[in-house]
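> If you read the sequence shown in UniProt numbering, its first letter stands for residue 1, the second for the next number, and so on.
We put the beta carbon where it would ideally sit given N, CA and C, even for glycine.
From a predicted model like this one, the values you see are computed outputs, not experimental measurements.
Structure below; questions to follow.
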Amino acid sequence: MGLEGPFGPLPVDLVRKILVAVYGDNGAALLSLASVCRLFRDCAHQILALQHFLDLRPVALQQQSHTPLSAKRMSNLRNAQRQLRNAALRRCHQLHFIDLCGAHQYATDSTLETICQNARTLESLLLRGCQALTQAGLAHLTAASCPLLKVLDLNACVHIGDASCLAGLPSLTHLDVGWCRQVSADSMAAVMPQLEHAVYHGCEAIEDWLLGTACCVRLLDCAFTPIGDRGLQLLAQVAQNLQELILAAPAHNLWLSGNWTPLGLETFKQQQPSVKVRLVFV
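Below you can see the structure in the form of structure tokens.
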């Protein structure tokens, strides 16, 4: 079925060019169009197959709705979006960047498996807030499936525990596992030496000795972790490229802000005077 214009059916190439001009790399909009008709579906899939950047953050289901949706209707819409997203990902073979931040329950281990089937060009994968992901999904991220992956954001993916499989990613240099409370120092031991940008914000199982392996790190976020003076001492000895260190400012919070002392931090600053130390409250 084609689209009728004033002089007959519109050429498929013209429809595709119009969609590119209007929606560009808006993956969520293209996914919605794919469910309208066969022509839009084919055009959307052709566009997605050529994308290098794909923003698949979820569209607000009730953003412009004046009638509250029932729980069953919301569930059906979520399932439809998940199926459309996976269908689009299976057709993307040239992606360098995928943003699924805030997908919550929409992005699952099967979503990550689908991504990894066509991820040989992928350089950045943002999964912040994808709470349904587990280490079983992470196991699909391998040197064979993602040889070029440099940036991986797993912030607040709360069910991830053992992330040691990430050490198999040869190009990985930027890793964010902030607020992944189950991530331990042991699971990061093989990954840490290759990281230039490491975020352990809120990871309460990180230990001092891990900082002794941070030989390549340029930015390190250890706010709200148990890191103490011993960790700062080890970091000062090995992190010759360190530019910025983020720690939690001492406060009477409900969660641990750190075990370091003012004297320990001052000693670190004397040993690494060029490092910017930033204290945060959240």
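#1: Quick one: using the 10 Å Cβ neighbour count with 16 as the cut-off for buried, is Q105 buried or exposed?
#2: Between N245 and V275, is the Cβ-Cβ spacing less than 7 angstroms?
#3: Taking its Cβ as the centre, do 16 or more other Cβ atoms sit within 10 Å of H140, making it buried, or is it exposed?
#4: Measuring alpha carbon to alpha carbon, tell me which residue in A248, L279 and L148 is nearest T173.
#5: Could you name the residues of the same chain whose beta carbon sits closer than 7 angstroms to that of A190, not counting the 5 residues immediately before and after it, in chain order?
#6: Which partner residues of E244 appear in the DSSP bridge assignment?
#7: Which whole-angstrom value is the C-beta distance of V277 and L247, which I expect to be below 8 angstroms?
#8: Check whether the Cβ atoms of A236 and V280 lie closer than 7 angstroms to each other.
#9: In three-state DSSP terms, what is F268?
#10: Shortest alpha-carbon distance to G241 belongs to which of Q233, G258, V217 and L234?
#11: If you count every other CB in all the chains shown that lies within 10 Å of the CB of Q271, and 16 or more means buried, which is it?
#12: Could you work out which residue in L112, A132, D153 and A198 is closest to T142 when comparing CA atoms only?
#13: Please state the DSSP three-state secondary structure of L210.
#14: Taking the CB atoms as reference points, tell me whether D176 and D162 lie closer together than 7 angstroms.
#15: Can you tell me which of the three DSSP states D153 falls into?
#16: If you draw a straight line from the C-alpha of D229 to the C-alpha of G258, how long is it?
#17: Would DSSP call F224 helix, strand or coil?
#18: Since L133 and D109 are thought to touch, with beta carbons under 8 angstroms apart, how far apart are those beta carbons, to the nearest angstrom?
#19: Buried or exposed for V183, going by 16 or more other Cβ atoms inside 10 Å?
#20: Since A185 contacts E207 with CB under 8 angstroms, what's their CB separation in whole angstroms?
In terms of the structure at hand:
#1: As a working mapping, residue 105 is identified with position 105 in the sequence shown. In summary, Q105 is exposed, with fewer than 16 beta-carbon neighbours lying within 10 Å of its beta-carbon over all protein chains present.
#2: Walking along the sequence shown from the start, residue 245 turns up at place 245. Walking along the sequence shown from the start, residue 275 turns up at place 275. In the sequence under discussion, the amino acid at residue 245 is Leu, which differs from the Asn named in the question. In this structure, the beta-carbon distance from L245 to V275 falls below 7 angstroms.
#3: If you number the sequence shown from 1, residue 140 lands on position 140. Flag for H140 reads buried.
#4: In the sequence shown, residue 173 corresponds to position 173, counting from 1. Of the listed residues, the one whose Cα sits closest to T173 is L148.
#5: Taking the sequence shown and counting its residues from 1, the one referred to as residue 190 is at position 190. Here the set comprises S164 and A167.
#6: Residue mapping note: residue 244 aligns to position 244 of the sequence shown, counting from 1. Answer is L219 and K276, bridged to E244.
#7: Looking up residue 277 in the sequence shown gives position 277. Looking up residue 247 in the sequence shown gives position 247. So it is a contact: roughly 7 angstroms between Cβ atoms.
#8: As a first step, residue 236 is located in the sequence shown; it is residue number 236 there, counting from the start. As a first step, residue 280 is located in the sequence shown; it is residue number 280 there, counting from the start. When the beta-carbon positions are compared, A236 and V280 stay at least 7 angstroms from each other.
#9: To locate residue 268, count along the sequence shown from 1; it is residue 268. Reduced to three states, the DSSP call for F268 is helix.
#10: Here residue 241 refers to the residue found at position 241 when the sequence shown is read from its first residue. It should be pointed out that residue 241 corresponds to Asn in this sequence rather than to Gly. Residue V217 is the option with its Cα nearest to N241.
#11: As a first step, residue 271 is located in the sequence shown; it is residue number 271 there, counting from the start. The residue in question, Q271, is exposed, as its Cβ has fewer than 16 Cβ neighbours within 10 Å.
#12: Counted from its first residue, the sequence shown places residue 142 at position 142. The alpha carbon of T142 has as its nearest neighbour, out of L112, A132, D153 and A198, the alpha carbon of L112.
#13: Here residue 210 is taken as the residue at index 210 of the sequence shown, counted from 1. Here L210 sits in helix by DSSP.
#14: What you label residue 176 is simply residue 176 of the sequence shown in a count that begins at 1. What you label residue 162 is simply residue 162 of the sequence shown in a count that begins at 1. Cβ distance not < 7 angstroms, so D176 and D162 don't count as in contact.
#15: Along the sequence shown, read from residue 1 onward, the residue named residue 153 stands at position 153. For D153, the secondary structure class from DSSP, reduced to helix, strand or coil, is strand.
#16: As a first step, residue 229 is located in the sequence shown; it is residue number 229 there, counting from the start. As a first step, residue 258 is located in the sequence shown; it is residue number 258 there, counting from the start. Spanning the two alpha carbons is a distance of roughly 10 angstroms.
#17: For the purposes of this step, residue 224 is identified with residue 224 of the sequence shown, where counting begins at 1. Reduced to three states, the DSSP call for F224 is coil.
#18: By one-based count along the sequence shown, residue 133 stands at place 133. By one-based count along the sequence shown, residue 109 stands at place 109. Contact holds; Cβ gap of about 6 angstroms.
#19: For this step, residue 183 is matched to residue 183 along the sequence shown. Per the 10 Å Cβ criterion, buried.
#20: For this step, residue 185 is matched to residue 185 along the sequence shown. For this step, residue 207 is matched to residue 207 along the sequence shown. About 4 angstroms separates the two Cβ atoms, so the contact holds.
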